[in-house]
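What follows is one structure encoded as structure tokens, with my remarks underneath.
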Amino acid sequence: MTFPQASPAGVPRWLLLLFALLLCGTGITPAQTVPANVVLRDPAPKTALTKWVSNGTSEPIALNLDGGTMRGWSFPAVRPNPDMPTLLFFYGSATILHDEPIFAAIAREGANVIVFDYRGYGFSSGTADVMHFRKDALAEYDYAAKRAGGPVVVYGYSLGTTMATYVASKRPVAGIILAGAIASAVEEFPVFLKAQGPAATDASRVPSDEAVEAFDGVGMVKNATAPLLVLHGEADEVVSIKQGREVFESSAAGEKRFMALQGIGHFDIISNDQAQTAVAEFLHRLTGD
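Position one of the sequence shown corresponds to residue 1 (full-length UniProt numbering), numbered consecutively onward.
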């Protein structure tokens, strides 16, 4: 009897086929990988460019990068403090740029604020892609640092916490603020998959290698030593407070603070009065005030 030719790895194809048939017979299926982009809105939310204008508290800014133009707003400090760092903000996965009151509040503290729409979102062109968001985030930091001529603090919310920690692990940031911090893809992806229905939550579905890398908040924060503030709602139903604590405990920062916001859910963290006060205090501490 002659068996089929062996596979390139040296394993006979007939044996691989037999193994596959046995798996089918037991009901076990090979793992299916889930891409990093599972967290993104489809289609991505967009905003008409006619609204990308100065509105009295902000002014439009743009950054031409590979495959797209990142558009955003700069919120100049109301009472500029030369010692205050510039704050670079990263949104969550379902949010687009708008005149967020928190930016005006930070500007009143004497800090300039810079925020961009993600690639493919809001005012920005290009195709939405998490791995590309990370590259864009580094370029946005470089832009903010050059524009400021001084220190930059990164502030991330939800998905934006993975961008902020990534930048902090690659650039000399002056501080890190994380609201609703994601610890890992393994912990967070089931939340997104559950929203897609029972089939999406099949146990055989696991995050892809890229997803594991992109959402490794715990791993990235280990390589960031800048002062850290973590804000998390105790009633957060999207990113568990357990994840926020894991990120906080894994941080290599010598100066760090964790604030649990009682009764606050995921979508109310950054607008919460306690959180805004904590952010203002954090920025002032960095200046020595």
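All residues carry an ideal CB built from backbone N, CA and C; glycine is no exception.
### Message
Using C-beta distances below 7 Å, list every residue in its chain close to Ala-214, excluding the 5 sequence neighbours before and after it, in chain order.
### Response
As a first step, residue 214 must be located in the sequence shown, where it is residue number 214. Same-chain partners within the cutoff: Ala-36, Val-130, Met-131, Arg-134, Thr-162.
#### Entry: Three or more C-beta pairs below 8 Å linking the stretch 239–254 and the stretch 56–76
Taking 8 Å as the limit for Cβ pairs, the verdict is that the stretch 56–76 does not touch the stretch 239–254.
### Task
State the start and end residues of the unbroken beta strand (DSSP E) segment that holds Gln-32.
For this step, residue 32 is matched to residue 32 along the sequence shown. Unbroken beta strand (DSSP E) run through Gln-32: 32–34.
### Query
To which residues does DSSP link Asn-64 through a beta bridge?
The residue labelled residue 64 in the question sits at position 64 within the sequence shown. Bridge partners of Asn-64: Thr-69.
### Query
Taking just the CA atoms, how far does Arg-147 sit from Asp-289?
Residue 289 sits at position 289 when you count from the first residue of the sequence shown. Residue 147 sits at position 147 when you count from the first residue of the sequence shown. Computed Cα separation, rounded: 24 Å.
### Query
What did DSSP end up calling Leu-159 once you bin it into helix, strand or coil?
Position 159 of the sequence shown, counting from 1, holds the residue named residue 159. Correct three-state label for Leu-159: helix.
### Query
Do Phe-90 and Tyr-143 have their CB atoms nearer than 8 Å?
Start at 1 with the first residue of the sequence shown, and residue 90 comes out as number 90. Start at 1 with the first residue of the sequence shown, and residue 143 comes out as number 143. No; because the gap between Cβ atoms is not below 8 Å, this pair is not in contact.
#### Entry: Residues near Ser-124 in its chain [Cβ-Cβ closer than 7 Å; skip 5 each side]
By one-based count along the sequence shown, residue 124 stands at place 124. So the qualifying residues of the chain are Gly-68, Thr-69, Met-70, Arg-71, Phe-116, Asp-117, Tyr-118.
### Task
Closer than 8 Å by C-beta to Met-220: which residues in its own chain qualify, once you throw out the five before and the five after it? Chain order, please.
Position 220 of the sequence shown, counted from the first residue, corresponds to residue 220. These residues qualify, in order along the chain: Thr-162, Thr-165, Tyr-166, Ala-168, Ser-169.
### Task
Would you mind sorting Val-173 into buried or exposed? The rule is 16 or more other CB atoms within 10 Å of its CB.
Taking the first residue of the sequence shown as 1, we reach residue 173 at position 173. Buried.
### Task
Please go through the stretch 165–250 and give each complete beta strand (DSSP E) segment of 3 or more residues, from N-terminal end onward.
175–179, 205–207, 228–233
### Task
Specify the secondary structure class of Glu-100 as computed by DSSP and reduced to three states.
For the purposes of this step, residue 100 is taken as residue 100 along the sequence shown, with counting starting at 1. It is coil, neither helix nor strand.
### Task
May I ask whether a heavy atom of the ligand SAH can be found less than 7 Å away from the beta carbon of Glu-281?
Of ligands this structure carries none, so the ligand SAH is not represented either.
### Query
Counting Cβ pairs closer than 8 Å, one from the stretch 251–261 and one from the stretch 220–231, do we hit at least three?
yes
#### Entry: DSSP state of Val-113 mapped onto helix, strand, coil
On the sequence shown, position 113 is the one that residue 113 refers to. Here DSSP, grouped into helix, strand and coil, assigns Val-113 to strand.
### Query
Given Thr-287, which residues of its chain have a CB within under 7 Å of its CB, disregarding the five upstream and five downstream residues?
The count along the sequence shown starts at 1 and reaches residue 287 at position 287. Cβ neighbours of Thr-287 beyond the five flanking positions: Asn-81, Asp-83, Met-84.
### Query
For Thr-277, does the three-state DSSP call read helix, strand or coil?
What you label residue 277 is simply residue 277 of the sequence shown in a count that begins at 1. Annotated three-state conformation of Thr-277 is helix, per DSSP.
### Query
Leaving out five residues before and five after Ala-145 in sequence, what residues of the same chain have Cβ atoms less than 7 Å from its Cβ?
Counting from 1 along the sequence shown, the entry for residue 145 is found at position 145. So the list reads Val-152, once near-sequence residues are dropped.
### Query
Is DSSP giving Leu-286 helix, strand or coil here?
By one-based count along the sequence shown, residue 286 stands at place 286. In this structure, Leu-286 counts as helix in the three-state DSSP scheme.
### Query
Which value, in whole angstroms, describes the spacing of the CA atoms of Ala-235 and Ile-102?
Walking along the sequence shown from the start, residue 235 turns up at place 235. Walking along the sequence shown from the start, residue 102 turns up at place 102. Computed Cα separation, rounded: 21 Å.
### Task
Would you identify the three-state DSSP class for Glu-59, choosing helix, strand or coil?
The residue you call residue 59 lines up with position 59 of the sequence shown. The answer is strand: DSSP assigns Glu-59 an E or B state.
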